[in-house]
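Undergrad: Questions regarding the structure given below will be posed in turn.
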Amino acid sequence: GAGVSQSPRYKVAKRGQDVALRCDPISGHVSLFWYQQALGQGPEFLTYFQNEAQLDKSGLPSDRFFAERPEGSVSTLKIQRTQQEDSAVYLCASTVDRSEGYTFGSGTRLTVV
Amino acid sequence: DQQVKQNSPSLSVQEGRISILNCDYTNSMFDYFLWYKKYPAEGPTFLISISSIKDKNEDGRFTVFLNKSAKHLSLHIVPSQPGDSAVYFCAASRRSGGSNYKLTFGKGTLLTVNP
Numbered sequence: 002g003a004g005v006s007q008s009p010r011y012k013v014a015k016r017g018q019d020v021a022l023r024c025d026p027i028s029g030h031v032s033l034f035w036y037q038q039a040l041g042q043g044p045e046f047l048t049y050f051q052n053e054a055q056l057d058k059s060g061l062p063s064d065r066f067f068a069e070r071p072e073g074s075v076s077t078l079k080i081q082r083t084q085q086e087d088s089a090v091y092l093c094a095s096t097v098d099r100s101e102g103y104t105f106g107s108g109t110r111l112t113v114v
Numbered sequence: 647d648q649q650v651k652q653n654s655p656s657l658s659v660q661e662g663r664i665s666i667l668n669c670d671y672t673n674s675m676f677d678y679f680l681w682y683k684k685y686p687a688e689g690p691t692f693l694i695s696i697s698s699i700k701d702k703n704e705d706g707r708f709t710v711f712l713n714k715s716a717k718h719l720s721l722h723i724v725p726s727q728p729g730d731s732a733v734y735f736c737a738a739s740r741r742s743g744g745s746n747y748k749l750t751f752g753k754g755t756l757l758t759v760n761p
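Here is the structure:
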């Protein structure tokens, strides 16, 4: 596609529920990043993939967070047993090479009630 | 501890005047700096960047200045237009040492350009 596509755009989850957030990067983009943006804050790094390899997951806040990119294209960020502090916008970004000028998706706004 | 700081949450300027957005950083290992622009309900959009080997980079109406000794950078928009109204994020990365190009962002500055 023309841009990075994320779904769903909005997700309301009850505390304790598991959620899965999807990212479709731009076709051919090797690098894929996930960021978390809390209200009034800048995006914070969660994890990075180069093709299907997860090379950096240092930003994942707890073992309830898990990300995968099994075929090197679509990626899924899964959050188990959601907590209220997980409420945020989750942004996916991709780039064709190792460059910080990557393209962000519009994000998934997760609200945990 | 915030490594990238944007101390002004908001800035308001008149159309046609200069907008100056400021950013400070604390991590001396950062060697690449970027500005992103964000409209509501959209993801951030890359605007302009600068390497630490330079002190200025210009792209049309946008110029970024870097003062390494002060660990300070600024984004100048001249002339400002109403369509520039958005949240501007400063970001930094460390390219040396095999970095994966992850970014550390500031909290953002909301720029409002009044017609």
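Residue numbers (the working numbering), protein chains in the order written: chain A, 2 to 114; chain B, 647 to 761.
Every residue, glycine too, gets a C-beta built ideally from N, C-alpha and C.
These figures come from a predicted structure and were not determined experimentally.
Output the residue ranges of the beta strand (DSSP E) runs that lie fully inside the region 16-94 of chain A and measure 3 residues or longer, sorted by chain position.
TA: The qualifying runs are 20-25, 32-38, 45-51, 54-57, 66-69 and 76-80.
Undergrad: With contact counted as at least three CB pairs below 8 Å, one residue from each stretch, are the region 28-39 of chain A and the region 731-743 of chain B in contact?
TA: No: the two stretches stay apart, fewer than three of their Cβ pairs being nearer than 8 Å.
Undergrad: Out of A:Asp64, A:Thr48 and A:Ala39, which has the shortest C-alpha to C-alpha gap to aspartate 57 of chain A?
TA: The candidate whose alpha carbon is nearest that of aspartate 57 of chain A is A:Thr48.
Undergrad: Can you list, in chain order, the residues of its chain whose CB lies under 6 Å from that of serine 8 of chain A, leaving out five sequence neighbours each side?
TA: These residues qualify, in order along the chain: Arg23.
Undergrad: Could you check what DSSP says for aspartate 670 of chain B in three-state terms: helix, strand or coil?
TA: Note: aspartate 670 of chain B maps to strand in three-state DSSP.
Undergrad: Ends of the beta strand (DSSP E) at phenylalanine 676 of chain B?
TA: No beta strand (DSSP E) holds phenylalanine 676 of chain B; DSSP gives it neither H nor E.
Undergrad: Indicate whether at least one CB of chain D lies closer than 7 Å to the CB of leucine 92 of chain A.
TA: Considering every chain present, this structure includes no chain D. Its protein chains are A and B.
Undergrad: Is the beta carbon of leucine 757 of chain B sitting closer than 7 Å to the one on serine 695 of chain B?
TA: Cβ distance not < 7 Å, so leucine 757 of chain B and serine 695 of chain B don't count as in contact.
Undergrad: Please confirm if glycine 73 of chain A has its CB atom under 7 Å from at least one CB of chain B.
TA: Judged by the 7 Å Cβ criterion, glycine 73 of chain A is not in contact with chain B.
Undergrad: Measuring only between beta-carbons, confirm whether proline 686 of chain B sits less than 7 Å from chain A.
TA: For proline 686 of chain B, the answer is no, since every Cβ of chain A falls outside 7 Å of its Cβ.
Undergrad: Using a Cβ-Cβ cut-off of 7 Å (strictly less than) and excluding sequence neighbours within five positions of tyrosine 91 of chain A, which residues of its own chain qualify?
TA: So the list reads Leu22, Trp35, Gln37, Leu78, Gly108, Thr109 and Leu111, once near-sequence residues are dropped.
Undergrad: Name the chain A residues that come within less than 9 Å of glycine 706 of chain B, Cβ to Cβ?
TA: Going along chain A, no residue has its Cβ under 9 Å from glycine 706 of chain B, so there is no contact; the nearest lies around 16 Å.
Undergrad: Taking DSSP's pairing of strands, which residues face aspartate 705 of chain B in a bridge?
TA: Per DSSP, B:Phe708.
Undergrad: For threonine 83 of chain A and alanine 39 of chain A, which I take to be in contact (beta-carbon distance under 8 Å), what is that distance rounded to the nearest angstrom?
TA: So it is not a contact: roughly 14 Å between Cβ atoms.
Undergrad: So what does tyrosine 115 of chain A bridge to, in DSSP terms?
TA: Residue 115 of chain A cannot be examined here, being either before or after the span of chain A that is shown, 2 to 114.
Undergrad: Quick one: list the residues of chain A neighbouring proline 690 of chain B, beta-carbon separation under 8 Å, in chain order.
TA: The answer, in chain order, is Pro44, Leu92 and Phe105.
Undergrad: Mind checking proline 655 of chain B: buried by the 16 CB within 10 Å criterion, or exposed?
TA: That one is exposed.
Undergrad: Only counting the same chain, and skipping five residues up and downstream in sequence, which positions put a Cβ closer than 8 Å to that of proline 725 of chain B?
TA: Closer than 8 Å at Cβ, skipping near neighbours: Glu661, Gly662, Arg663, Ile664 and Arg707.
Undergrad: Would you call the CB atoms of lysine 683 of chain B and leucine 693 of chain B closer than 7 Å?
TA: Their beta carbons are under 7 Å apart, which means lysine 683 of chain B touches leucine 693 of chain B by this criterion.
Undergrad: Below 8 Å on the Cβ atoms is my guess for valine 733 of chain B versus glycine 754 of chain B; work out the distance and round it to an integer in Å.
TA: Indeed they touch by this definition, with Cβ atoms about 4 Å apart.
Undergrad: Please list, in chain order, all residues of the same chain as glutamine 649 of chain B whose beta carbon is under 8 Å from its beta carbon, the five residues on each side excluded.
TA: Cβ within range, chain order: Tyr671, Thr672, Asn673, Phe676, Ala738 and Thr750.
Undergrad: Please decide whether glycine 168 of chain A counts as near chain B, where near means a Cβ-Cβ distance under 7 Å.
TA: Summary: the structure shown does not reach residue 168 of chain A, with chain A confined to residues 2 through 114, and so no result is reported for it.
Undergrad: Check each residue of the region 674-685 of chain B: if its Cβ is closer than 7 Å to any Cβ of chain A, include it; give the result in chain order.
TA: Against chain A - using a Cβ distance shorter than 7 Å - the residues of the region 674-685 of chain B are Tyr678 and Leu680.
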